[in-house]
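Visitor: In the working numbering, the protein residues as written are 32 to 369.
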Amino acid sequence: MKILVTGGTGYIGSHTVVELQNAGHDVVVVDNLSNSNEISLKRVAKITGKDVEFHRIDIRDFDSLDELIGKNHFDCCIHFAGLKAVGESVSKPLDYYDNNICGTVALLRALNKHNCKNIIFSSSACVYGNPEIIPISEQCPKGACTNPYGQTKHFIEEIMTDLHKSDPDWNIVLLRYFNPIGAHQSGMIGEDPNGVPNNLMPYITQVAIGKRAELSVFGNDYDTHDGTGVRDYIHVVDLARGHVCALRAITDKCGLEIFNLGTGHGYSVLDVVHAFENANGVKIPYSLKPRRAGDVPVCYADSSKAQRVLGWHAEFNLEDMCRDSWNWQKNNPNGYSK
Ligand code: NAD
Ligand code: WQD
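1) Around the Cβ of residue 170, are there at least 16 other Cβ atoms within 10 angstroms (buried) or fewer (exposed)?
2) Can you grab the Cα-Cα spacing for the pair residue 303 / residue 102, in whole Å?
3) Does the ligand WQD have a heavy atom nearer than 7 Å to the CB of residue 120?
4) Can you confirm whether the segment 35-48 touches the segment 263-271 when touching is taken to mean that 3 or more C-beta pairs between the two stretches lie within less than 8 Å?
5) Mapping the DSSP letters down to three states, classify residue 332 as helix, strand or coil.
6) Pick from 324, 353, 87 and 145: whose alpha carbon is nearest that of residue 41?
7) Going by DSSP in three states, residue 142 sits in which element: helix, strand or coil?
8) Report the residue from 159, 350 and 223 whose alpha carbon sits nearest the alpha carbon of residue 289.
9) CB residue 203 to CB residue 150, shorter than 8 Å?
10) Can residue 146 be considered in contact with the ligand WQD, in the sense that its beta carbon sits closer than 7 Å to one or more heavy atoms?
11) Please determine, among 177, 198, 300 and 350, the residue with the shortest C-alpha to C-alpha distance to residue 213.
12) Which stretch, first to last residue, makes up the beta strand (DSSP E) that contains residue 86?
13) Going by the beta-carbon positions, is the gap between residue 61 and residue 90 smaller than 8 Å?
14) Keeping to the same chain, check which residues put their C-beta closer than 7 Å to that of residue 333; ignore five residues upstream and five downstream.
15) Considering only their Cβ atoms, is the gap separating residue 206 from residue 277 smaller than 8 Å?
16) Runs of 4 residues minimum, wholly inside the segment 133-192: which ones carry the alpha helix (DSSP H) assignment?
17) When you compare only the Cα positions, how much space is there between residue 358 and residue 144?
18) Between the Cα of residue 323 and the Cα atoms of 230, 34 and 331, which residue gives the shortest distance?
19) Could you name the residues of the same chain whose beta carbon sits closer than 6 Å to that of residue 262, not counting the 5 residues immediately before and after it, in chain order?
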């Protein structure tokens, strides 16, 4: 298939481009490089042996999308492009609503105009808010998102649902990711956060490499086995392969479908710290701090629907994730910017 990948130079996008190319698909990437580096696609080409066509386009720019999509016959779009920093979204809500929602609407309009009515969207477990039932299945009611970033995922899901209701020719797969970590086994592509990382694993790897003195563990008084927050960490390569499997649903003309992509295992912050230390033989100094505002105590997936319908399940374990995250960080102490 010929696939348009928005946000394809970013963390999850670049890993997905590898898996798409390995599965024999033709890929065209658009990205405005607001949170990524084009070098990632050069690395992808080294891994797969195939160049990746790239266009520097902001997805809010309807005319550029119109021209690109009009010139190509895309079978499907995989839509990763978006801003994703939870804390920043609280201080700059309009930037997030403009970028993520207006960008998605412009993209949908351009795809619709050229009759490409197949899309896979990067949603997030954050749409469940503080989940009512654990493990979280797709039937779990959506909860109140505690930040504008999460709201954009919720609103985009609603927009896409309305679009499908208005025109059942659309096939739309909403993938709700849990916590992606890890990196490609080659150590050539990985997560390259700007500034101080917000997320746990990039913070740990920056402590391991000596960029940060210690990890702050946010909260040790949750109702969990060791008091620290529990999440469903998923290897980014497993997540990327989930998109290739989701193309099957598109080919089967699925209409609107929602899938959780997680491992089904919940690990605490201290479980991750210890797994990282054991996998890599590196000590991670940490100190216990108060809870972080907006965090939920426990979040992990029931991904049995993805297994049943898409034939997908996560293959890598926490040790693999820790090993590959460290391999990427060690080989690229400053990410893509040498
Ligand atoms: P990322 O920042 O590495 O990738 C997103 C890419 O989108 C970047 O390359 C960025 O430059 C690009 N982009 C942003 N706004 C754009 C615009 N207006 N036009 C064109 N390109 C634009 O993030 P990621 O971790 O790879 O996340 C990919 C998607 O998955 C995002 O939509 C994110 O919200 C979603 N998601 C991520 C996680 C996570 O923990 N990483 C979890 C759930 C969902
Ligand atoms: C994991 C655990 C923290 C950093 C976020 C978004 C979510 C999704 C994935 C995009 C929590 C603890 C963290 C640190 C810590 N992204 N932690 N010290 O919050 O589960 O999810 O990323 O859609 O929407 O909210 O991930 O990696 O930030 O935190 O103790 O320095 O690690 O409190 O328990 P989170 P995270």
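The beta carbon of each residue, even a glycine, is placed where N, CA and C say it ideally should be.
Guide: Let me spell this out:
1) Within the sequence shown, the letter at position 139 stands for residue 170. Residue 170 counts as exposed, since fewer than 16 other beta carbons sit within 10 angstroms of its beta carbon.
2) Position 272 of the sequence shown, counted from the start, is the residue given in the question as residue 303. Position 71 of the sequence shown, counted from the start, is the residue given in the question as residue 102. Pairing residue 303 with residue 102, the inter-Cα distance amounts to about 47 Å.
3) Within the sequence shown, numbered from 1, the residue matching residue 120 stands at position 89. Here the distance from the Cβ of residue 120 to the nearest heavy atom of the ligand WQD is not below 7 Å.
4) Taking one beta carbon from each stretch, the segment 263-271 and the segment 35-48 have 3 or more pairs nearer than 8 Å; the two touch.
5) Mapped onto the sequence shown, residue 332 falls at position 301. Three-state DSSP puts residue 332 in a strand.
6) Within the sequence shown, residue 41 is the residue found at index 10, counting from 1. Comparing C-alpha distances from residue 41 to each of 324, 353, 87 and 145 shows the shortest one belongs to 87.
7) Residue mapping note: residue 142 aligns to position 111 of the sequence shown, counting from 1. Note: residue 142 maps to helix in three-state DSSP.
8) Here residue 289 is taken as the residue at index 258 of the sequence shown, counted from 1. Of the listed residues, the one whose Cα sits closest to residue 289 is 159.
9) Translated into positions along the sequence shown, residue 203 becomes position 172. Translated into positions along the sequence shown, residue 150 becomes position 119. With contacts defined by Cβ atoms closer than 8 Å, residue 203 and residue 150 form a contacting pair.
10) Residue 146 sits at position 115 when you count from the first residue of the sequence shown. No, since every heavy atom of the ligand WQD falls outside the 7 Å radius drawn around the Cβ of residue 146.
11) Your numbering for residue 213 matches position 182 in the sequence shown. Residue 213 has its Cα closest to that of 350, out of 177, 198, 300 and 350.
12) In the sequence shown, counting from the first residue as 1, residue 86 sits at position 55. Counted as a single uninterrupted DSSP element, the beta strand (DSSP E) harbouring residue 86 occupies residues 84-87.
13) To locate residue 61, count along the sequence shown from 1; it is residue 30. To locate residue 90, count along the sequence shown from 1; it is residue 59. Remark: C-beta atoms of residue 61 and residue 90 approach each other more closely than 8 Å.
14) By one-based count along the sequence shown, residue 333 stands at place 302. Hits under 7 Å: 166, 167, 168, 291 and 295.
15) Residue numbering aside, residue 277 sits at position 246 when the sequence shown is read from its first letter. Residue numbering aside, residue 206 sits at position 175 when the sequence shown is read from its first letter. Going by C-beta atoms, residue 277 is nearer than 8 Å to residue 206.
16) Counting only unbroken stretches of 4 or more residues, the alpha helix (DSSP H) elements lying wholly within the segment 133-192 are 134-144, in sequence order.
17) As a working note, residue 358 is residue 327 in the sequence shown. As a working note, residue 144 is residue 113 in the sequence shown. CA-to-CA, the gap between residue 358 and residue 144 works out to about 44 Å.
18) Against the sequence shown, residue 323 aligns to sequence position 292. Nearest C-alpha to residue 323: 230.
19) Position 231 of the sequence shown holds residue 262. Listed in chain order, the non-local C-beta contacts of residue 262 below 6 Å within the same chain comprise 210 and 330, local neighbours out to five positions each way being set aside.
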